[in-house]
Amino acid sequence: MHPDMKTIRCSIVRGGTSKGVYFLENDLPKEQPLRDEVIRAAFGGVDIRQIDGLGGADTLTSKVAIVGPSTRSDCDVDYTFGQVSYTAPLVDYKGNCGNISSGVGPFAIDAGLVRAVEPVTTVRIHLTNTDNVIVAEVPVKDGRARADGDFAIDGVPGTGSRITLDFSDTQGAQTGALLPTGNPKDVFDFGEKGSFEVSLVDAGNPLVFITAQSLGMTGIETPAEIEANRNLMDTIEMIRARAAVRFGLVEREEDAAAKSPYVPFFAIVSPPQSYDCYNGRHVEREEIDVVSRLLFMLKMHKTYPGTGTVCTGCAARIPGSVLWEQLSEEARKETVLRIGHPAGVIPVEAAAEERDGKIVITRAAFYRTARKIMDGVVYIKNSVFEPKKP
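Numbering (this note's numbering), first residue to last: 1 to 390.
Have a look at this one:
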């Protein structure tokens with residue numbers, strides 16, 4: 001026992017191209033305000049270096065997963081995702097992270113929440129953020145989730161054991177509809193600031209799709225090049241803010257950056273083209289079906305998020321969408337969509353059918369690897385648990 005600090009069990013897990021702190025639900029305070037205080041303290045509080053906590057000072061490494069027994073009879077575990085801000089006292093629960101989701105099955109198996117079945121254990125995950133189900137297929141050996149394997153994903157060194165995640169149940173999770181406006185494409189008019197064609201799609205997470213051409217881009221810019229263009233970033237947030245209102249995430253456009261920085265994601269798409277990645281990898285035009293650059297948490301993603309991958313695959317199956325128009329006739333018919341991102345290529349399985357005049361997604365799956373990095377305890381100052389003065 002430490003005289004002025006409490007300990008809470010946790011694990012650091014790499015899920016896909018992200019890294020997060022995973023907690024067992026019962027180890028955290030029940031009341032959400034206090035729970036969020038504890039989580040923020042564990043990560044290092046409001047500090048862009050997160051020097052006093054476990055956060056990695058990056059939007060891809062400042063994520064939390066809370067896992068516990070399922071409250072639904074058709075699932076094995078409950079999973080709550082939080083994006084932990086280091087610029088504001090906020091844990092954003094409005095969306096989900098497909099990469100962090102890929103670590104939930106292995107974490108639950110190793111924690112004894114799910115019985116290990118060799119060679120593959122199917123884990124049905126109740127995503128509490130939106131009350132949907134993710135189905136994970138996790139390779140298992142000797143009663144534990146396998147880490148070693150021969151599957152590689154761009155953005156992560158080496159290889160690992162392939163985890164399949166099916167997100168088809170998450171269509172319309174935030175808004176109740178795959179196409180919240182009812183249209184495959186909408187026009188946002190900002191008067192003198194311009195008019196932009198966009199597609200708003202809700203699957204995995206809500207996304208705004210827009211062409212690189214409409215933003216004066218080639219589409220193969222690096223994340224650093226995009227972020228360095230202040231006028232472009234301001235235009236992106238102007239469009240994203242209006243989309244946040246259309247998605248019903250905020251009431252006013254001016255509140256989007258502060259109240260919903262995580263979602264909607266913002267994807268800038270263009271036809272296939274060859275390019276050099278910032279990590280040294282070269283992508284050939286023939287390797288991909290579409291190029292995309294994606295923004296979340298007001299920052300450009302250095303690779304591609306899992307839920308963004310799901311939504312991009314779904315958007316490719318919607319005739320007339322901004323993304324669909326970037327695809328060749330062959331790519332529109334294929335089940336697998338190959339997305340070229342800043343660090344390489346990510347494939348996604350996506351299939352849809354028309355029912356009663358509406359597009360229904362029947363398959364939305366992608367592949368990740370995950371690895372537990374550390375088990376231990378995090379120390380939290382006692383003062384965090386003390387009642388706050390009014």
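Idealized CB from N, CA, C, for every residue including glycine.
Start and end of the beta strand (DSSP E) containing residue i?
{"i": "residue 78", "result": "77-84"}
{"i": "residue 133", "result": "132-141"}
{"i": "residue 329", "result": "Careful: residue 329 lies outside any beta strand (DSSP E), inside the alpha helix (DSSP H) at 329-333."}
{"i": "residue 8", "result": "5-15"}
{"i": "residue 100", "result": "Element bounds for residue 100: not the beta strand (DSSP E) but the alpha helix (DSSP H), 98-101."}
{"i": "residue 89", "result": "Where residue 89 is concerned, there is no enclosing beta strand (DSSP E), given that its DSSP letter is neither H nor E."}
{"i": "residue 353", "result": "344-355"}
{"i": "residue 359", "result": "358-368"}
{"i": "residue 400", "result": "Because the chain here runs from 1 to 390, residue 400 falls outside it and cannot be looked at."}
{"i": "residue 18", "result": "18-24"}
{"i": "residue 341", "result": "336-341"}
With residue i and residue j assumed to form a contact (beta carbons below 8 Å), what rounded beta-carbon distance in angstroms separates them?
{"i": "residue 205", "j": "residue 263", "result": "5 Å"}
{"i": "residue 349", "j": "residue 360", "result": "Wrong, their Cβ atoms sit about 15 Å apart, outside the cutoff."}
{"i": "residue 181", "j": "residue 200", "result": "6 Å"}
{"i": "residue 261", "j": "residue 238", "result": "Going by Cβ atoms, the distance from residue 261 to residue 238 rounds to 14 Å, so no, they are not a contact pair."}
{"i": "residue 288", "j": "residue 219", "result": "At roughly 11 Å, the Cβ-Cβ gap does not stay under 8 Å, so residue 288 and residue 219 are not in contact."}
{"i": "residue 174", "j": "residue 247", "result": "6 Å"}
{"i": "residue 57", "j": "residue 50", "result": "5 Å"}
{"i": "residue 373", "j": "residue 13", "result": "6 Å"}
{"i": "residue 102", "j": "residue 370", "result": "5 Å"}
{"i": "residue 131", "j": "residue 91", "result": "Rounded, the Cβ-Cβ distance is 19 Å, inconsistent with contact."}
{"i": "residue 398", "j": "residue 314", "result": "No information on residue 398 is available, as it lies outside the stretch 1 to 390 that the chain covers here."}
{"i": "residue 6", "j": "residue 268", "result": "Rounded, the Cβ-Cβ distance is 44 Å, inconsistent with contact."}
{"i": "residue 245", "j": "residue 259", "result": "Not quite, the Cβ-Cβ distance comes to about 11 Å (not below 8 Å), so this is no contact."}
Using a threshold of 8 Å, state whether the C-beta atoms of residue i and residue j are closer than that.
{"i": "residue 172", "j": "residue 202", "result": "yes"}
{"i": "residue 54", "j": "residue 38", "result": "no"}
{"i": "residue 99", "j": "residue 18", "result": "yes"}
{"i": "residue 294", "j": "residue 266", "result": "yes"}
{"i": "residue 95", "j": "residue 307", "result": "yes"}
{"i": "residue 210", "j": "residue 300", "result": "no"}
{"i": "residue 311", "j": "residue 207", "result": "yes"}
{"i": "residue 169", "j": "residue 133", "result": "yes"}
{"i": "residue 257", "j": "residue 243", "result": "no"}
{"i": "residue 224", "j": "residue 279", "result": "no"}
{"i": "residue 281", "j": "residue 272", "result": "no"}
{"i": "residue 377", "j": "residue 8", "result": "yes"}
{"i": "residue 414", "j": "residue 212", "result": "The requested residue 414 is not part of the displayed model; the chain covers only 1 to 390."}
{"i": "residue 126", "j": "residue 70", "result": "yes"}
{"i": "residue 382", "j": "residue 52", "result": "no"}
{"i": "residue 109", "j": "residue 138", "result": "yes"}
{"i": "residue 151", "j": "residue 367", "result": "yes"}
{"i": "residue 363", "j": "residue 351", "result": "yes"}
{"i": "residue 104", "j": "residue 121", "result": "no"}
{"i": "residue 292", "j": "residue 283", "result": "no"}
{"i": "residue 60", "j": "residue 388", "result": "no"}
Locate the alpha helix (DSSP H) running through residue i, then write down its first and last residues.
{"i": "residue 33", "result": "32-43"}
{"i": "residue 110", "result": "104-110"}
{"i": "residue 223", "result": "223-228"}
{"i": "residue 384", "result": "382-385"}
Any C-beta of chain C sitting closer than 8 Å to the C-beta of residue i?
{"i": "residue 16", "result": "In the displayed structure, chain C is absent; only one protein chain is listed."}
Query raised in the report: Can we say the segment 152-162 touches the segment 85-94, given the rule of at least three CB pairs closer than 8 Å?
Result: no
Query raised in the report: Touching or not, the segment 115-125 and the segment 192-204, by the rule of three or more beta carbon pairs under 8 Å?
Result: no
Query raised in the report: Is there contact between the segment 63-83 and the segment 20-34, where contact requires at least three CB pairs shorter than 8 Å?
Result: yes
Query - Within the segment 231-300, ranges of the alpha helix (DSSP H) (whole runs, at least 4 residues) - result: 256-259
Report task. Identify every run of the beta strand (DSSP E) within the segment 118-199, keeping only runs that are complete inside it and at least 3 residues long; order them along the chain. Result -> 120-127, 132-141, 163-166 and 186-189
Report task. Tell me, please, whether the segment 309-325 touches the segment 75-83 by the rule of three or more beta-carbon pairs shorter than 8 Å. Result -> no
Query raised in the report: Are there three or more Cβ pairs, one per stretch, closer than 8 Å when the segment 326-334 is compared with the segment 137-147?
Result: No: the two stretches stay apart, fewer than three of their Cβ pairs being nearer than 8 Å.
Query raised in the report: At what residue ranges does the segment 297-323 contain a whole run of the alpha helix (DSSP H), taking only runs of 4 or more?
Result: 306-315
Query raised in the report: Which runs of the beta strand (DSSP E) spanning at least 3 residues fall entirely within the segment 46-72, listed in chain order?
Result: 63-69
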